[in-house]
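Going by my numbering, the first residue of the sequence shown is number 1007, and it counts up by one from there. We treat Cβ as the ideally placed atom computed from N, Cα and C, and that holds for glycine. One structure is given here, and the rest of the page talks about it.
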Amino acid sequence: VILIIMEGIDHLADERNKAEFDVDEMKIVWAGSRHAFEVSDRIARLVATDPVFEKSDRARLSRKELFKSTLKKCAHAWKRIIELRLTEEEAGRLRFFVDQPAFVDLHWGMFVPAIKGQGTEEQQEKWLSLANKMQIIGCYAQTELGHGSNVQGLETTATFDPKTDEFVIHSPTQTSSKWWPGGLGKVSTHAVVYARLITDGKDYGVHGFIVQLRSLEDHSPLPNIIVGDIGTKMGNGAYNSMDNGFLMFDQVRIPRNQMLMRLAKVTREGKYVPSDVPKQLMYGTMVYVRQTIVADASNALSRAVCIATRYSAVRRQFGAQNGGIETQVIDYKTQQNRLFPLLASAYAFRFVGEWLKWLYTDVTARLQASDFSTLPEAHACTAGLKSLTTTATALCGGHGYLWCSGLPELFAVYVPACTYEGDNIVLQLQVARFLMKTVSQLGSGKAPVGTTAYMARAQHLLQCRSGVQKAEDWLNPAVVVEAFEARALRMAVACAKNLSKFENQEQGFSELLAELVEAAIAHCQLIVVSKFIAKLEQDIGGKGVKKQLNNLCYIYALHILHKHLGDFLSTNSITPKQASLANDQLRSLYSQVRPNAVALVDAFNYTDHYLNSVLGRYDGNVYPKLFEEAWKDPLNDSVVPDGYQEYIRPLIKQQLRTARL
């Protein structure tokens, strides 16, 4: 009866009525354009209303059942893509809203881009015609049991045999086993395998090879190939729908022309010949993949924040006066301090992700014109921002640990992003090397460009003092950016000075790892802040929308300042008094965002199907739905649990007999 009464009521209607901006306008800003919003909205509803894509039972499925369910969904998704003649953009959104990690993620996200980036025109014509129709299914076999981030340390070999015009792919050690590639374990028919190219007795380093793994008739592994799934991962459901695999080769032969030869080739006689195409083109694929990971980070964070914000508005705890209602959790400043910076981060990462898409397009065009000038910076940006954005995590109190809250599965799916496509610490060290090189060139007359352009003003930034005198001064974009620039530059210069004290620079890097990582993070946070501010300078939405984005921008910046206060103070970028004023302004911004919080997460336009969370339901009807989910658990199939007669009853009876003695 309670369930029926509560159904259909919008328990968050009062919250939505408080909004001081047009939510529909913000939805377009979030999507990036009206066209992108319309595509996303249409596809989201298409997926949400299709029973095949139902996912509320994922946690209760065994691994085998979950995997078979994933195969069914992927096959159905492809069927719908063909039937509805969806564009590439629409197909991508459909896979996004199906929201189940699967082999198709690696097929479209890594296998196809690798062939596009590293294959010759002839190879692309042959392999992509098959891959684009899914007549072959591919994965990206790079990571090994013994080597992940250190790609140059890979052990798998590809030795050219001039007698047969073939490469012999071999796994010489157990640690050379390919380990972790998604889609490899049970589904992929082919892989781009990265191995050390050896010809005429010489090792030419790691190159990519297209290798068939399984029969196209019965799907059995081909001779001398050992392949399987690495096992169950963390969480119920979550990444267990993905067949992360292991792979070993025992002298497996492939034709010479299955080496990806856009950047280098081996002739029929076994001669290694670098092509005229610059090796730097490989980095285009890397930039593309990492910018998609930044976008994924924004999606994951916004999803968690949407759940947490709605539930914080529904949940009431303490604060009741004279028998009145308790206080909404979202009204507590402690909760706002946890929640609103994450909300601001979701928007910040969204906008820096948009900028990275532009950067990828720009870099690609330049590479095609043999202009490599922006490549080092693009590589550093994508590495650092991938690392920075994939560290965001949110918790939501006791009920947040229930699977039906949507948070545990989201966390389990998201965690691998901190490691795949480069461990986050390793990536920040790549940024640090780029920064150290830039600092070393400051006196050479070579002006830094792009995101390091601020370093050209080193003399000013090393001496300037923040002019903040009152809390409102922290809403001045020039003041905020200069504080972040001064902090980033001074930390980078300090690292460079400390490095110069070491005779061996590599030893210096090893000793100063912690400081170098912090300097890299400071630089990346400056990028996010500056790109958010740049977004505000564009013509986006009406006054209400712009005001809310302005508030979120400065919440992001001032929360970072508060969180990394030691950096700002130790570099004398600001004073303790100015730090106190920043905190005053931050609290004021929280109060301004509070009435708009639910509407700001509504702007993400996530369906209940996509969120898959009882706590984050659009209508806020949380408690009856928690009960409804609880009753579905198999333990509640019987009132008396299995095992009672064997274990509980004898235990109780024994205790009663003991009590009589």
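Quick one: Cα of residue i to Cα of residue j, how far?
{"i": "HIS1196", "j": "GLU1635", "result": "41 Å"}
{"i": "THR1238", "j": "TYR1460", "result": "47 Å"}
{"i": "SER1516", "j": "GLN1447", "result": "22 Å"}
{"i": "VAL1499", "j": "LEU1592", "result": "29 Å"}
{"i": "TYR1057", "j": "LYS1078", "result": "Strictly speaking, residue 1057 in this sequence is Pro, with Tyr absent from that position. Distance between the alpha carbons of PRO1057 and LYS1078: 12 Å."}
{"i": "GLN1584", "j": "VAL1369", "result": "39 Å"}
{"i": "LYS1363", "j": "ARG1296", "result": "10 Å"}
{"i": "VAL1075", "j": "ARG1022", "result": "The sequence given here has Ser at residue 1075, not Val. Cα-Cα distance, rounded: 37 Å."}
{"i": "GLN1257", "j": "GLN1180", "result": "14 Å"}
{"i": "GLN1148", "j": "PRO1483", "result": "43 Å"}
{"i": "ILE1566", "j": "LEU1532", "result": "10 Å"}
{"i": "PHE1378", "j": "MET1032", "result": "37 Å"}
{"i": "THR1613", "j": "PHE1508", "result": "56 Å"}
{"i": "LEU1345", "j": "VAL1599", "result": "11 Å"}
{"i": "TRP1361", "j": "SER1308", "result": "18 Å"}
{"i": "ILE1539", "j": "LEU1558", "result": "10 Å"}
{"i": "TRP1480", "j": "ASP1209", "result": "57 Å"}
{"i": "HIS1213", "j": "ASP1573", "result": "42 Å"}
{"i": "LEU1564", "j": "CYS1530", "result": "15 Å"}
{"i": "GLN1513", "j": "LEU1522", "result": "13 Å"}
{"i": "HIS1153", "j": "ILE1232", "result": "19 Å"}
{"i": "LEU1348", "j": "ARG1069", "result": "33 Å"}
{"i": "PRO1227", "j": "ASP1171", "result": "23 Å"}
{"i": "GLY1473", "j": "GLU1491", "result": "14 Å"}
Identify, in the order they occur along the chain, each residue of the same chain with its Cβ nearer than 7 Å to the Cβ of residue i, setting aside the five sequence neighbours on each side.
{"i": "ALA1097", "result": "ILE1087"}
{"i": "THR1247", "result": "The sequence shown places Ser at residue 1247, not Thr. For SER1247, where only same-chain residues beyond five positions count, the Cβ hits under 7 Å are LEU1072, PHE1073, THR1076, GLN1106, PRO1107 and ALA1108."}
{"i": "THR1273", "result": "VAL1279"}
{"i": "TYR1420", "result": "Only weak support is given to the placement of TYR1420: the predicted model assigns it a pLDDT of 49, under 50, and the question is left unresolved by the model."}
In terms of DSSP beta bridges, what is residue i paired with?
{"i": "PHE1255", "result": "ILE1231"}
{"i": "ARG1202", "result": "THR1163 and VAL1212"}
{"i": "VAL1217", "result": "ALA1197"}
{"i": "ILE1658", "result": "ILE1658 pairs with nothing; no bridge assigned."}
{"i": "ILE1260", "result": "PHE1173"}
Can you find the residues in the same chain that come closer than 8 Å, C-beta to C-beta, to residue i, ignoring five residues on each side of it along the sequence?
{"i": "VAL1035", "result": "ILE1546, GLY1547, VAL1551, LEU1555 and ALA1609"}
{"i": "ASN1305", "result": "PHE1102"}
{"i": "GLN1511", "result": "LEU1505"}
{"i": "VAL1045", "result": "GLU1095, GLU1096 and ARG1099"}
{"i": "LYS1277", "result": "THR1205 and ASP1206"}
{"i": "LYS1659", "result": "none"}
Note down, in chain order, each residue of its chain lying with its Cβ closer than 6 Å to the Cβ of residue i, except the 5 sequence neighbours on either side.
{"i": "TRP1409", "result": "Below a pLDDT of 50, predicted positions are generally treated as unreliable, and TRP1409, at 45, falls in that range; the measurement from the model is reported next regardless. Correct list, in chain order: ALA1065 and ASN1242."}
{"i": "PRO1280", "result": "ALA1270"}
{"i": "GLN1651", "result": "none"}
{"i": "HIS1176", "result": "THR1163, PHE1255 and GLN1257"}
{"i": "THR1458", "result": "THR1444"}
{"i": "PRO1601", "result": "LYS1024"}
{"i": "PHE1043", "result": "LYS1033, ILE1034 and ALA1037"}
{"i": "ALA1353", "result": "Here residue 1353 is Tyr; the residue named in the question, Ala, does not match the sequence. Once the five neighbours on either side are set aside, the close Cβ partners of TYR1353 are LEU1558."}
{"i": "ALA1050", "result": "PHE1103 and THR1613"}
{"i": "VAL1673", "result": "Coverage of the chain is limited to positions 1007 through 1667, which leaves residue 1673 absent and any answer about it impossible."}
Can you check whether the CB of residue j is closer than 7 Å to the CB of residue i?
{"i": "PHE1109", "j": "GLY1189", "result": "yes"}
{"i": "GLN1264", "j": "ILE1216", "result": "yes"}
{"i": "LEU1495", "j": "LEU1467", "result": "yes"}
{"i": "GLN1686", "j": "GLU1332", "result": "The first residue shown for the chain is 1007 and the last is 1667, placing residue 1686 beyond what the model contains."}
{"i": "TYR1562", "j": "SER1351", "result": "yes"}
{"i": "GLY1626", "j": "VAL1320", "result": "yes"}
{"i": "PHE1117", "j": "CYS1145", "result": "yes"}
{"i": "ALA1525", "j": "CYS1501", "result": "yes"}
{"i": "ALA1528", "j": "ARG1471", "result": "no"}
{"i": "VAL1607", "j": "CYS1387", "result": "no"}
{"i": "TRP1185", "j": "GLU1150", "result": "yes"}
{"i": "LEU1632", "j": "VAL1620", "result": "yes"}
{"i": "ASP967", "j": "GLY1191", "result": "The structure shown does not extend to residue 967, since the chain is modelled only from 1007 through 1667, so no value can be given for it."}
{"i": "LEU1134", "j": "ILE1121", "result": "yes"}
{"i": "VAL1029", "j": "ALA1605", "result": "yes"}
{"i": "LYS1569", "j": "PHE1357", "result": "no"}
{"i": "VAL1437", "j": "ALA1389", "result": "yes"}
{"i": "LYS1061", "j": "ASN1611", "result": "no"}
{"i": "TYR1366", "j": "VAL1293", "result": "yes"}
{"i": "ILE1143", "j": "VAL1193", "result": "yes"}
* Completely contained alpha helix (DSSP H) runs for the stretch 1501-1576, where each covers 4 or more residues -> The qualifying runs are 1511-1517, 1519-1542, 1549-1569 and 1571-1576.
* Could you give the uninterrupted runs of the alpha helix (DSSP H) lying entirely in the stretch 1115-1189, keeping only those of 4 residues or more? -> As far as the stretch 1115-1189 is concerned, its whole alpha helix (DSSP H) runs of at least 4 residues are 1118-1124 and 1127-1137.
* **alpha helix (DSSP H) runs wholly inside the stretch 1262-1333, at least 4 long, in chain order** => As summarised for the stretch 1262-1333, the continuous alpha helix (DSSP H) elements at least 4 residues long and confined to that stretch are 1288-1320, given in chain order.
* To do: Output the residue ranges of the alpha helix (DSSP H) runs that lie fully inside the stretch 1041-1094 and measure 4 residues or longer, sorted by chain position.
  => Within the stretch 1041-1094, the complete alpha helix (DSSP H) segments at least 4 residues long are 1069-1089, listed from N- to C-terminus.
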